[in-house]
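Colleague: Sharing a structure with you now.
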Amino acid sequence: MIRVLLVENRPAIRLGLRMRLKLEADVSIIGEPSDGLAALAQTAVLRPDVILLDIESTDMDAIRLIRAMQTASPASAIVILSLHDDSATRRHASHAGAAAFVSKHEGGDGLVHAIRKAAGGAPPPTRALPAAGPRPG
Numbered sequence: 009m010i011r012v013l014l015v016e017n018r019p020a021i022r023l024g025l026r027m028r029l030k031l032e033a034d035v036s037i038i039g040e041p042s043d044g045l046a047a048l049a050q051t052a053v054l055r056p057d058v059i060l061l062d063i064e065s066t067d068m069d070a071i072r073l074i075r076a077m078q079t080a081s082p083a084s085a086i087v088i089l090s091l092h093d094d095s096a097t098r099r100h101a102s103h104a105g106a107a108a109f110v111s112k113h114e115g116g117d118g119l120v121h122a123i124r125k126a127a128g129g130a131p132p133p134t135r136a137l138p139a140a141g142p143r144p145g
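Quick note on our numbering: the sequence shown kicks off at 9 and runs consecutively.
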């Protein structure tokens with residue numbers, strides 16, 4: 009089970025992310041702080057596998073927050089979620105130590121893939137497909 013700390017200050021977006029992640033059998037949301045200070049405190053206590061951080065949603069400098077989270081829980085991988093999908097934002101996130109960057113323009117599958125990869129590259133759970141029956145004809 010991948011334990012995710014979801015950091016987003018907008019309730020509607022947080023709800024949408026929660027709903028999407030709840031569809032995944034191998035993902036569990038263990039906390040939903042809505043600001044940087046609460047996120048840092050929960051990171052230190054909960055020690056999530058992955059921190060999903062919307063960098064526009066914090067009340068703190070995102071780069072400092074990422075570094076502080078890494079200090080509080082070195083084993084936690086940080087996945088940045090951002091509306092701004094440009095090379096400068098990606099570069100800043102990478103230099104700060106983020107494991108992955110996901111644009112909000114990507115679909116939910118891209119987000120889930122990034123979370124799984126950041127958590128150690130675990131493949132998605134297999135889903136049984138219905139057996140193929142005889143074809144009419």
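All C-beta atoms, glycine included, are put in the ideal place defined by N, C-alpha and C.
(1) Alpha carbon to alpha carbon, what distance is there between V58 and A130?
(2) Mind checking who D62 pairs with in its DSSP beta bridge?
(3) State the DSSP-derived secondary structure class of A108, mapped to helix, strand or coil.
(4) Quick check: is any heavy atom of the ligand GTP less than 6 Å from the C-beta of G44?
(5) Measuring CB to CB, does E40 end up less than 7 Å from L14?
(6) Looking only at C-alpha atoms, which of I38, I63, L54 sits nearest to E16?
(7) Kindly list the residues whose CB is nearer than 7 Å to the CB of R11, restricted to its own chain and excluding five residues on each side of it in sequence; keep chain order.
(8) What are the boundary residues of the alpha helix (DSSP H) that includes T29?
(9) Per the DSSP calculation, I37 is bridged to which residue(s)?
(10) Helix, strand or coil for H113 per DSSP?
(11) When you compare each of A70, P19, R22 to S102 by their alpha carbons, which one comes out closest?
Modeller: Let me spell this out:
(1) The count along the sequence shown starts at 1 and reaches residue 130 at position 122. The count along the sequence shown starts at 1 and reaches residue 58 at position 50. Because A130 carries a pLDDT of 49, less than 50, the predicted location of this residue cannot be relied on, and the following value inherits that uncertainty. Approximately 13 Å, taken between the alpha carbons.
(2) Taking the first residue of the sequence shown as position 1, residue 62 is located at position 54. Beta-bridge partners of D62 (DSSP): L89.
(3) In the sequence shown, counting from the first residue as 1, residue 108 sits at position 100. Shown here, A108 sits in a strand according to DSSP, grouped into three states.
(4) What this structure holds is no ligand at all, so the ligand GTP is not there to describe.
(5) Sequence index remark: in the sequence shown, residue 40 carries index 32 (1-based). Sequence index remark: in the sequence shown, residue 14 carries index 6 (1-based). Contact flag set, yes.
(6) Along the sequence shown, one-based indexing puts residue 16 at 8. Per the Cα distances, I63.
(7) Locating residue 11 in the sequence shown gives position 3, counting from the first residue. The answer, listed in chain order, is S36, I38, P56, D57.
(8) Within the sequence shown, numbered from 1, the residue matching residue 29 stands at position 21. Looking at the sequence shown, residue 29 is not Thr but Leu. Counted as a single uninterrupted DSSP element, the alpha helix (DSSP H) harbouring L29 occupies residues 19-29.
(9) Locating residue 37 in the sequence shown gives position 29, counting from the first residue. According to DSSP, which records beta bridges pairwise, I37 is partnered with V12.
(10) Translated into positions along the sequence shown, residue 113 becomes position 105. Note: H113 maps to coil in three-state DSSP.
(11) Counted from its first residue, the sequence shown places residue 102 at position 94. Minimum Cα-Cα distance from S102 among the listed residues A70, P19, R22 corresponds to A70.
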